[in-house]
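Working notes for the structure below.
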Amino acid sequence: MKMSSRDKECLPSGSVWEVTDLLAEDAVICETPNIYTSSSGSRHIFISTKSGFLSQVLFISRHVDRLLYKYHSSSQSGPTNPPEFWIHGIGPLSIMRTAELALHLSHRLYPGHLKISTYTSSCSTKKHIISQVENEKISIREVSRTKGAIHVHIRLVPTCDA
132 MKMSSRDKEC
142 LPSGSVWEVT
152 DLLAEDAVIC
162 ETPNIYTSSS
172 GSRHIFISTK
182 SGFLSQVLFI
192 SRHVDRLLYK
202 YHSSSQSGPT
212 NPPEFWIHGI
222 GPLSIMRTAE
232 LALHLSHRLY
242 PGHLKISTYT
252 SSCSTKKHII
262 SQVENEKISI
272 REVSRTKGAI
282 HVHIRLVPTC
292 DA
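In this text, residue positions in the sequence shown follow this note's numbering: the first is 132, and each later residue adds one.
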């Protein structure tokens with residue numbers, strides 16, 4: 132993934148560079164949203180257009196609700212850093228869906244509770260084309276393409292009493 136030098140300077144902890152490692156492990160972005168945890172402990176959710184918008188909103192909002200509950204219940208025992216996570220979209224339709232989800236979360240569901248930072252990059256993807264040719268032989272071709280990607284960093288806004 133390539134980023135401008137300006138973006139590199141303002142990356143938070145749990146860098147977007149970990150996305151490559153996560154994709155290498157699973158290699159498939161599922162229809163059902165999943166939370167992947169990187170080696171640094173950052174949480175990542177990959178957005179697919181194969182899944183419905185509302186199901187993704189519900190999945191992520193349940194995750195945010197759990198983070199809010201943990202954050203506010205732990206703030207009574209002492210100050211803690213607000214939790215954070217990433218949502219990613221790779222490809223033009225997923226980029227639009229990811230941006231739409233981030234705006235929906237920050238303006239409609241949790242106004243004033245989320246701080247959102249957006250980063251863009253390009254990802255190299257591989258598509259495996261399996262076809263059957265003469266005499267029942269199977270041909271497997273690999274096609275590499277570069278796709279645009281969006282990485283949205285979502286952090287809970289610290290409360291006054293924390």
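No residue lacks a Cβ here, since even glycine has one placed at the ideal position from N, Cα and C.
| request: From the DSSP output, in three-state form, read off Lys-268 for me. | output: strand
| task | Throw me the rounded Cβ distance for the His-282 and Tyr-250 pair, which I believe falls under 8 Å. | result | 4 Å
| request: Give every residue of the same chain whose Cβ lies closer than 8 Å to the Cβ of Gln-263, excluding the five residues on either side of it in the sequence, and list them in chain order. | output: Ile-269, Ser-270
| task | Can you grab the Cα-Cα spacing for the pair Leu-142 / Val-274, in whole Å? | result | For Leu-142, the pLDDT reaches just 44, beneath the cut-off of 50, and the residue's location in the model is therefore unreliable, leaving the point undetermined.
| field | Minimum length 3: unbroken beta strand (DSSP E) runs contained in the segment 215-253 | value | 215-221
| Among Ala-230, Lys-257, Ser-192, which one has its Cα closest to the Cα of Thr-277? | Lys-257
| task | With a threshold of 16 other CB atoms inside 10 Å of the CB of Thr-229, please say whether the residue is buried or exposed. | result | buried
| request: For the beta strand (DSSP E) containing Thr-168, list its first residue and its last residue. | output: 166-168
| field | DSSP state of Ser-182 mapped onto helix, strand, coil | value | coil
| task | Check the C-beta distance from Leu-287 over to Leu-232 and give it rounded, since I have them as a contact under 8 Å. | result | 16 Å between Cβ atoms; not a contact.
| query | Given Met-227, which residues of its chain have a CB within under 8 Å of its CB, disregarding the five upstream and five downstream residues? | reply | Gly-220
| field | C-beta contact flag for Thr-180 and Ser-225 at 8 Å | value | yes
| said: According to DSSP, is Val-188 part of a helix, a strand, or is it coil? | reply: helix
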